[in-house]
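K.L.:
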Amino acid sequence: MASHEAQIREPLILGDKDYHQVTEDIIQPIAGKANKWWWMAFTASFITMSWGVGCLAYTVGTGIGVWGLNKTVGWAWDITNFVWWIGIGHAGTLISAILLLFRQKWRMSINRSAEAMTIFAVICAALFPVFHMGRVWLAYWVLPLPNQFGSLWVNFNSPLLWDVFAISTYFTVSLVFWYLGLVPDFATVRDKFARMGKPLQQKIYNILSFGWSGNARAWHRFEELCLVLAGLSTPLVLSVHTIVSMDFATSVIPGWHTTIFPPYFVAGAIFSGFAMVLTLMLIARKTLNLEDYITRNHVESMNKIIILTGSIVGVAYLTELFISWYSGVEYEQYAFLNRASGPYWWAYWSMMTCNVITPQLFWIKKIRRSFVATFIISIFVNIGMWFERFVIIVTSLHRDYLPSSWTMFHPTFIDIGIFIGTIGIFFTLFLLFCRAFPVIAMAELKSILKTSGSKYKK
Amino acid sequence: MTKVKKYWKGIEELENTPEFRKSVENEFPEQANVGEFLGNDALADSSTNRRDFLKFLGFGVTAATIAACETPVNKAIPYLNKPEEITPGIANWYASTFADGNDYASILVKTREGRPIKIEGNKLSPVTKGAVNARINSSVLSLYDSGRLKNPLAKKAASTWAEVDKAVIPQLEAIAAKGGKIRILSNSIISPSTKKAIADFSAKYPGTEHVSYDAISNSGILKANQANFGDSIIPNYHFENAEVIVSFGADFLVNWLASVEYAGQYGKTRNPKSGKMSRHFQFETTLSVSGSNADVRVAVKPSEQGLLVLGLYNIIAKAKGAATYDAGVADEYKAKLEEAASELLAAKGSLVVSGSNDSNVQFVVNAINSLLGNYGNTIDTATPVYLKQGDDAKVAALVTEMAGGSVDAVILYGVNPAYTIGASFTSALEKVKLKISFADREDETASLVDYVCPDNHYLESWNDANPKKGQYSLGQPTISPLFSTRQAQESLLKWAGIETSYHDYLKANWQTTVGASWEVSLHDGFYSVPVGSVVEKPTSQPAHQAETEVPATTATDISSAAAAIRKGVTAGAFELQVYVKTGLGDGSQANNPWLQELPDPISKVTWDNYVTMSPKQMAELGLSRLERGDNDASVVELTVNGVTVKAPAFPQPGQKYGTVGLALGYGRTNAGKTADGIGANAYQFVSVENGTANYAAYDVSVKATTETYPIAATQTHHTLMGREAIVKETTLAEYLKDPKSGNAPLLLQTTNHGKQPVKDINLWRDHDLETGHLWGLTIDLNSCIGCGACVTSCTSENNVAVVGKDEVRRSREMHWIRIDRYYSSDMTEEISDEKQMGAIDMFTEMEAASENPTVSFQPLMCQHCNHAPCETVCPVAATTHSLEGLNMMAYNRCIGTRYCANNCPYKVRRFNWFKYSDNEQFDFNMNDDLGKMVLNPDVVVRSRGVMEKCSLCVQQIQAGKLTAKKEGRRIKDGDIQTACASACPTHAITFGDLSDKASLVSQISKDDRSYNLLEDVGTQPNVYYQTKVRNVKESA
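Protein sequences, first through last, are from chains W and E.
For the first sequence, our numbering assigns the number 1 to the initial residue and increments by one for each residue that follows.
For the second sequence, our numbering assigns the number 459 to the initial residue and increments by one for each residue that follows.
Here it is in structure tokens:
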């Protein structure tokens, strides 16, 4: 029977699943009771989130001065965290949009949770540009709203304003795309609850599924719309981080004023996004019993993308160094020498080690296919990418043009608390997502069962 | 028959029903019958019951209350009877005089709605010529110091003036009756009327003696001149006539004698345009403002200063054929001393000064100046300066006398000897039966006396001053006394039994001694006696010569002075130089937060004094050298003669190896909430030797401890890192060859038009710079001495918040103008090329300053770029460009993203990290109603979360434009002054209209020395700097 199948291509789903089995496996966390691991994780995340919210409230109540910023370093952890979270979000969009267009079917096991991760990461990210404002209660002034302040209007020259549009567009499109994919699965969940005789849940999921009937016309429109949204999202994968990078690239600060930033940031974003997807998926496949759905094969595919984007990032780092030397501008040259040898050398070398050296281990097939090694390296990449943003923002600012203003940045407990707090928000939302939403796109996954299994199922 | 039209008022009247007729008859209609209404049983069935009613009532009241919480109601109460001269919104200026026994300046006081809010120099004054220093222009805040006494104190309890007078007068009379001794201990009084009042007091109480005491004493000069001229005088120095200036430890630009005058004189000699510049040699221990401006600075130990003066004398005496004396100058100084001597001998006019308070040293200095022929040229003894009259020997004698118990009463006026003299005075004071102080607060001394009779602040007082011969000035009150205080003179007159007010007394005395028109003098603030006219000598001042004399010295005089200098001292491992800081001076204004937060011009440290040490020596002792932004200093124990203080050690390049420095004015314990407990009291290391106070100690031990102490400095990186484009420099010789020397564009870009300076290449559309005004500043780096007067002036004009030490430590000071101070480094790119060093090593070594560095000062405020990087990045357009070239901040629009500050290459933007007003965390002047009276009503107090920065005093520009418009004329150059430009004693900062081709600022901006800071960034600033020209020789 198997003679016509290519031997080197591994099955995408293991365990000889049939449609029913898939439904049962994926609905299990929703229909069943949460185990104690979930509760422990949720409690920890919730406490962390509350701590972060408390720190945010303290900041709003007292002033941005509770952070470690100063006259020279006007952004530090706030914008570092912002760029980091935004970057993490990119993997979801890439997986759901670009891989959809490229018909990479392996994406189906992970796209749902990767997209959810995008949404939650963007929520975490968006907190920072809002709460880093000195007068957060006036944050709506960045929107081009008709107003009674006279002829006041936003400044379309400002990259921060571009951010507002980029991030809000990104969030909206990602949310719609994600929700659209959930509609048929919600209907499946609804039907499951109907069989279980739970009318309340049935009703809720019925509303969430917009009364999905599953007829051919609905499926047709669903798939068309998915394609259209994928087309819409694809440029966003490139544009959002390009615009975020322009916050820096359009400035005059040595170390920020760099034309390489857009591609470098996009590659870095995908790099960090895949690392975060891996971190989460490796946990999820264990705790949610999804070993059959998220396989070694998936991990390997993602690791290949990590090698690619990690290498692009590495080349970008070296290019920056070369260009700063080649520019002949003393400020530029010093900015990069200072990164490597100045007071923040440890941040630079942490970044270099985590982002350039560790992913290269994935050239070795054994490591690339090892869950444990992948998990460890994905954590390294997450840390490295945080340091990359810290290095770009803080080391460029802390020693810029006039040595008289040179200073150091020291984070406060509040800085740390808010960052940890966003991690809490992220995991709280993710854990709720795991319990309420199908973590794998069942409907899509079922479409590959027949061809991917080693045996044809009845 | 005519038909009269009838009008009716209502249907009822038309119908004329019986009910209507009845109601017309009843003039007062019946009240609604409440009883009937309430008695209606149907009410009980209503769905609205009493509870509902109460609920609605409660809701209504609460809603109204909450609505009322929205905005606090601030009442602006109009004048019932408007004073004639006060128009709300219009500032009144009054000429007055600042004299606190340390500094003197003729000033203008700006008042708004009856409140003095700003102090500027009186440009008409022939003495100070419009110059002030940071201590003088900050003194307006001391007026609103909540630490001041609000009423007299009798035996530490609040009292009234009547009670105090009732208690004091009989006691004084009793003392006088028994022939007892009354002593008035005051600072140097330059007010003739005050001296007369003291004389009148002494006449009433014959046992009275007046002793002058200067905490920062110049007795040595007085004593030396006494020996030379028979008069203890301080001559009038003319630094502007000196081609060569040699200073031995005299910080004459900011602290020594009449420094306010000297700074301006010195500034005149530092303009290379004339082809000449003075040569300035400074031999000193701790790097001072004067030393940092010197062309040649030599670090010496305090014990060597006298020997160096003698050494200089020898070289000059040898050349002039006079007797020489063995000096034993160490070899390391010989070359520099020879260089100084040869230049002194070659110069047409020169001046040698010494900061030493040793009369022997001053005696030799006089001899040097005499040999050089400086008397009559740069030294004018015919116009003595009266600023310092303190006689240390007499003060010491008084303390002994008091300790002996023979003094019956002591009146303390303008002095705080318990703080400045210390325990010996405190214990002696206990022996005095009647102790009276005129202190404005319960300070270290006033807390020990029987009666504190708080003096008015000088801005609440009438007074006169006679800073030097033939020069008089008047001080007038600009506000009624805020508290129940009484001017000290008034108290003295009252106790002397003279009932006239001090105002009348002063006026009468003015008429008899000066004789000039009271009104004109009061208006101008000063009166100078025309040269050649005969004026009756005020009896209260010491005698002086009619013409400048050359000191009459004999070989024996010098020989004994030389012997005394040579006698030397037993030097220990360390020597200590006690020095004066520009901010706090003698410490009398220590409770002034503006002065505490003013960065020291040299160290840039705020809110503290510290032990200055040579960085090399600190490394040897294992002390932290505060590198790379570290701001936790190592604490050392400093011991002199058994007295030990613990203080942080601060690495001070230029400090002589083997010496330490400690500034006066700190370590106050009873000055008020701002000053108490800050720093260490250096006065305890001042000893009296040979009848003069000695501000050095020669046998000092310094012990490292493991403790650390937080230091707050506004600048933590001290070298230029090879960035020559920031402070452009050249030498006088180079400048004379090519005025553009040192000012070539560093970066050229090859374009299709050939090589172009980067600043000329432009991506942006240009603003229209031709039409209308284009406000700009020019800053001459050559005249800027780094004194910081502009910083406090700006603070005062623009309501800049004081943020306190902790925030300064976090690099969050709010000053809109700062003075960057850079030290030279031993490492340069040339040296690194020579040694073939790597760039990383080179930059690491560049971070360290030279052992005895050359120093550059660079005042920095918003550069008002025509292509401002801040303007493009603000998402809400809160910072924009005005049509007049200003970069403007709309605080109301700012949402506080700080993107503008990040993108500012000059880092001049300041963010309101917290609410700095009405906040207990920032308990400075903006947190109490009294302190807030100093705020300039023309400038808004910024709220939390907004960005702020220099506005080029836009309120002054608007006011100037309005005045010109009302007068129907164009604005004249000089009509409008920014706070920094008006405060600059050396006129380094000039403000004006760059589009007015005739304006001074536009001419300076086109000078060959002019450049824009970081012009390669393409910001096109409206602030221009002029290259610093050093008068150094090629060999040096």
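Using N, Cα and C, we set each Cβ at its ideal position, and we do this for glycine too.
Report buried or exposed for E977 of chain E, applying the criterion of at least 16 other Cβ atoms within 10 angstroms of its Cβ.
P.N.:
Burial call: exposed.
K.L.:
What is the residue span of the beta strand (DSSP E) that W137 of chain W lies within?
P.N.:
Taken as a continuous stretch (DSSP letters only), W137 of chain W belongs to no beta strand (DSSP E), as it is neither H nor E.
K.L.:
Return the chain-ordered list of same chain residues with a C-beta closer than 8 Å to the C-beta of A1422 of chain E, the five sequence neighbours on each side being excluded.
P.N.:
Only R1428, I1429, K1430, D1433 meet the Cβ criterion.
K.L.:
Can you check DSSP and say which residues form a bridge with M352 of chain W?
P.N.:
Per DSSP, none; premise fails for M352 of chain W.
K.L.:
Just verifying my parser: in three-state terms, what is the DSSP assignment at M276 of chain W?
P.N.:
Helix.
K.L.:
Quick check on the DSSP output: what are the complete beta strand (DSSP E) runs of length 3 or more inside the region 716 to 746 of chain E, in order along the chain?
P.N.:
The region 716 to 746 of chain E contains these whole beta strand (DSSP E) runs: 737 to 742.
K.L.:
Measure the C-alpha to C-alpha separation of I524 of chain E and K1390 of chain E and round it to an integer number of angstroms.
P.N.:
Roughly 29 Å between the two C-alpha positions.
K.L.:
From the DSSP output, which residues share a beta bridge with Q104 of chain W?
P.N.:
Paired residue(s): none; Q104 of chain W is not in a bridge.
K.L.:
Would D510 of chain E be called buried (16 or more neighbouring beta carbons within 10 Å of its own) or exposed?
P.N.:
Looking at its Cβ environment, which holds fewer than 16 other Cβ atoms inside 10 Å, D510 of chain E is exposed.
K.L.:
Kindly list, in the order they appear in chain E, the residues whose Cβ is closer than 9 Å to that of R135 of chain W.
P.N.:
Going along chain E in sequence order, the residues near R135 of chain W (Cβ under 9 Å) are C1352, I1353, G1354, S1401, R1402, G1403, V1404.
K.L.:
Between E330 of chain W and chain E, is there a C-beta pair that is closer than 8 Å?
P.N.:
Yes, E330 of chain W counts as interfacial toward chain E.
K.L.:
Using 8 Å as the cut-off, can you tell me whether the region 842 to 862 of chain E makes contact with the region 640 to 651 of chain E, which would need three or more C-beta pairs spanning the two stretches below that distance?
P.N.:
The region 842 to 862 of chain E is in contact with the region 640 to 651 of chain E.
K.L.:
Just verifying my parser: in three-state terms, what is the DSSP assignment at W346 of chain W?
P.N.:
Looking at W346 of chain W - three-state DSSP - the assignment turns out to be helix.
K.L.:
Once you ignore the five residues that flank V993 of chain E on each side, which residues in its own chain have a CB closer than 6 Å to its CB?
P.N.:
Unreliable positioning characterises V993 of chain E in this predicted model, as indicated by a pLDDT of 45, which lies under 50. A coordinate reading is not provided.
K.L.:
Pick out the complete alpha helix (DSSP H) segments inside the region 827 to 885 of chain E, 4 residues or longer, and give them in chain order.
P.N.:
Qualifying alpha helix (DSSP H) stretches, in chain order: 850 to 861, 875 to 878.
K.L.:
Whole angstroms is fine: what's the gap from K893 of chain E's alpha carbon to D908 of chain E's?
P.N.:
Approximately 5 Å, taken between the alpha carbons.
K.L.:
Using a Cβ-Cβ cut-off of 8 Å, state whether Y317 of chain W counts as contacting chain E.
P.N.:
Not an interface residue.
K.L.:
Mind reading off the beta-carbon distance from N1324 of chain E to G1343 of chain E? Whole number of angstroms is fine, and I expect it under 8 Å.
P.N.:
That belief holds up - the Cβ atoms of N1324 of chain E and G1343 of chain E are roughly 7 Å apart, short of 8 Å.
K.L.:
Rounded C-beta distance between V1118 of chain E and L1096 of chain E? I'm assuming under 8 Å.
P.N.:
The Cβ separation is near 7 Å, so the contact holds.
K.L.:
Kindly give me the distance between the Cβ atoms of K1365 of chain E and T72 of chain W, rounded to whole angstroms, as I take these residues to be in contact under 8 Å.
P.N.:
6 Å between Cβ atoms; contact.
K.L.:
Taking the alpha carbon of D1015 of chain E as the reference point, which residue from E:Y783, E:K1104, E:V1098 has its own alpha carbon closest?
P.N.:
Taking only the C-alpha atoms, the option nearest D1015 of chain E is E:Y783.
K.L.:
Considering only the alpha carbon of each residue, which of E:L1388, E:W1222, E:R1368, E:W714 lies closest to S1401 of chain E?
P.N.:
Residue E:R1368 is the option with its Cα nearest to S1401 of chain E.
K.L.:
Quick one: does L1472 of chain E have its CB under 8 Å from some CB of chain W?
P.N.:
Judged by the 8 Å Cβ criterion, L1472 of chain E is in contact with chain W.
K.L.:
In this structure, what does DSSP give as the bridge partners for M1405 of chain E?
P.N.:
For M1405 of chain E, which the question treats as bridged, DSSP gives the partners E:F1369.
K.L.:
Please give me, in chain order, every unbroken run of the alpha helix (DSSP H) with length at least 4 that falls completely inside the region 1417 to 1453 of chain E.
P.N.:
Those alpha helix (DSSP H) runs which fall completely within the region 1417 to 1453 of chain E and span 4+ residues are 1437 to 1441.
K.L.:
Shorter than 8 Å from the beta carbon of T62 of chain W to some beta carbon of chain E?
P.N.:
Chain E contact via Cβ: present.
K.L.:
Within 10 angstroms of the Cβ of Y791 of chain E, are there 16 or more other Cβ atoms? Answer buried if so, exposed if not.
P.N.:
Burial call: buried.
K.L.:
With a threshold of 16 other CB atoms inside 10 Å of the CB of A534 of chain E, please say whether the residue is buried or exposed.
P.N.:
Exposed, because fewer than 16 other Cβ atoms sit within 10 Å of the Cβ of A534 of chain E.
K.L.:
Measuring alpha carbon to alpha carbon, tell me which residue in E:L1205, E:A1151, E:V1038, E:R593 is nearest A1441 of chain E.
P.N.:
Of the listed residues, the one whose Cα sits closest to A1441 of chain E is E:R593.
K.L.:
What residues from the region 67 to 90 of chain W come within 7 Å of chain E, judged by C-beta to C-beta, listed N to C?
P.N.:
Residues passing the 7 Å Cβ filter: N70, K71, T72, G74, W75.
K.L.:
Please state whether DSSP places F1301 of chain E in a helix, a strand or coil.
P.N.:
Correct three-state label for F1301 of chain E: helix.
K.L.:
Got a sec: which bits of the region 1236 to 1257 of chain E sit with their beta carbon under 7 Å from any beta carbon on chain W, in order along the chain?
P.N.:
Within the region 1236 to 1257 of chain E, no residue qualifies.
K.L.:
Suppose you measure from the CA of T839 of chain E to the CA of P1057 of chain E; what does that come to, to the nearest Å?
P.N.:
Going by the C-alpha atoms only, they are around 36 Å apart.
K.L.:
Measure the beta-carbon distance from D1466 of chain E to K1198 of chain E and round it to whole angstroms, keeping in mind my assumption that it falls under 8 Å.
P.N.:
Right, the Cβ-Cβ distance comes to about 5 Å (below 8 Å), so this counts as a contact.
K.L.:
Does any residue of chain E bring its CB to less than 8 Å from the CB of L290 of chain W?
P.N.:
Judged by the 8 Å Cβ criterion, L290 of chain W is not in contact with chain E.
K.L.:
Are I691 of chain E and L809 of chain E close, meaning C-beta to C-beta below 8 Å?
P.N.:
No, the Cβ-Cβ distance between I691 of chain E and L809 of chain E is not below 8 Å.
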